[in-house]
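In the working numbering, the protein residues as written are 72 to 302. Worksheet: the structure to be examined is printed underneath.
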Ligand SMILES: [Zn+2]
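Shown next, in the form of structure tokens:
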């Protein structure tokens with residue numbers, strides 16, 4: 072049985088022995104002396120809690136590819152030939168990117184929503200996407216004192232309905248906006264959103280933000296290029 076020693080990110084045990092079940096080469100790191108160090112993902116089981124962790128480890132010597140070793144049958148101590156430099160976490164999962172040219176606050180909220188979605192936290196994801204829509208649509212309302220009334224202004228669902236009705240939001244997106252239900256009947260309040268509803272909401276949020284911010288900025292860029300050519 073091959074082993075390694077490290078702190079366990081699952082149970083918190085320090086300097087605990089792990090059973091090494093497998094090692095996968097996935098790239099290399101350039102060192103200061105322009106040599107290369109192989110980098111691996113190490114699948115291992117904690118002797119204390121019996122849970123698995125995938126560590127990132129960098130080879131210490133320029134020996135053979137560690138992924139060619141049958142770790143289950145060997146009696147090596149991996150700590151003698153590789154150094155742990157990190158742990159694979161949910162942050163390493165593929166996360167969909169927001170549209171370009173968003174205001175920083177909306178960009179950051181969208182990214183947080185996409186991260187929640189990637190780890191199956193659908194209600195948290197929906198709350199973040201709704202917040203993006205909330206920020207983006209509040210700015211589209213006429214000044215206070217004018218239509219619509221306060222009830223409509225405050226509710227995301229009603230506000231969006233009004234913005235579509237007034238043709239301030241593009242009518243082509245109206246059907247997709249079904250996923251943004253009225254306040255009081257959504258993930259943030261009821262905790263009942265399933266995966267598909269969260270994906271619907273992500274898709275709609277992407278398209279709407281793209282219309283409101285990305286396209287506007289691309290048009291402005293094209294205009295600037297044209298004026299530069301004229302000059
Ligand atoms: Zn453990």
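Beta carbons: idealized from backbone N, C-alpha and C, even for Gly. Nothing here was measured: the structure is a model prediction, and the numbers come from that model.
Residues bridged to residue 129 by DSSP? 110, 154
Any heavy atom of ligand 1 closer than 7 Å to the CB of residue 122? True, at least one ligand heavy atom lies under 7 Å from that Cβ.
Just the Cα atoms here: how many angstroms apart are residue 104 and residue 124?
31 Å
Open item on the list: Pull the bridge partners of residue 101 from the DSSP assignment, please.
Closed with: 107
### Query
Which word fits residue 299, buried or exposed, when buried means at least 16 other C-beta atoms lie within 10 angstroms of its C-beta?
exposed
- Query: Can the beta-carbon of residue 184 be found closer than 8 Å to that of residue 199?
  - Reply: Less than 8 Å separates the beta-carbon of residue 184 from that of residue 199.
- prompt: residue 213: buried (16+ other C-beta within 10 angstroms of its C-beta) or exposed?
  reply: exposed
### Query
Where DSSP assigns a beta bridge to residue 76, which residues make up the other side?
88
With the cut-off set at 8 Å, would you say residue 197 and residue 280 are in Cβ contact?
no
Alpha carbon to alpha carbon, how far is residue 72 from residue 90? Whole-angstrom Cα-Cα distance: 7 Å.
- [ ] Could you tell me whether the Cβ atoms of residue 132 and residue 152 are closer together than 8 Å?
- [x] The answer is yes: Cβ separation under 8 Å.
Does the stretch 76-84 come close enough to the stretch 96-103 that 3 or more CB-CB pairs lie under 8 Å?
-> no
- Taking C-beta to C-beta, are residue 208 and residue 224 nearer than 8 Å? No; because the gap between Cβ atoms is not below 8 Å, this pair is not in contact.
Mind checking who residue 117 pairs with in its DSSP beta bridge? 89
Proximity below 8 Å, CB of residue 137 to CB of residue 94: yes
- Query: Going straight from the alpha carbon of residue 149 to that of residue 158, what length do you get?
  - Reply: 15 Å
task = With DSSP as the reference, label residue 160 as helix, strand or coil.
result = coil
If you drop the 5 nearest sequence neighbours on each side, which residues of the same chain put their C-beta closer than 8 Å to that of residue 288? 171, 172
beta-carbon residue 17 near ligand 1 non-hydrogen atom, thresh 7 Å = The chain is shown from 72 up to 302; residue 17 falls before or after that span and cannot be answered.
Practice item. Please name the residue in 108, 85, 294 whose C-alpha comes closest to that of residue 119. Key: 85
Where does residue 182 sit, in a helix, a strand or coil, going by DSSP?
Residue 182 falls in the helix class under three-state DSSP.
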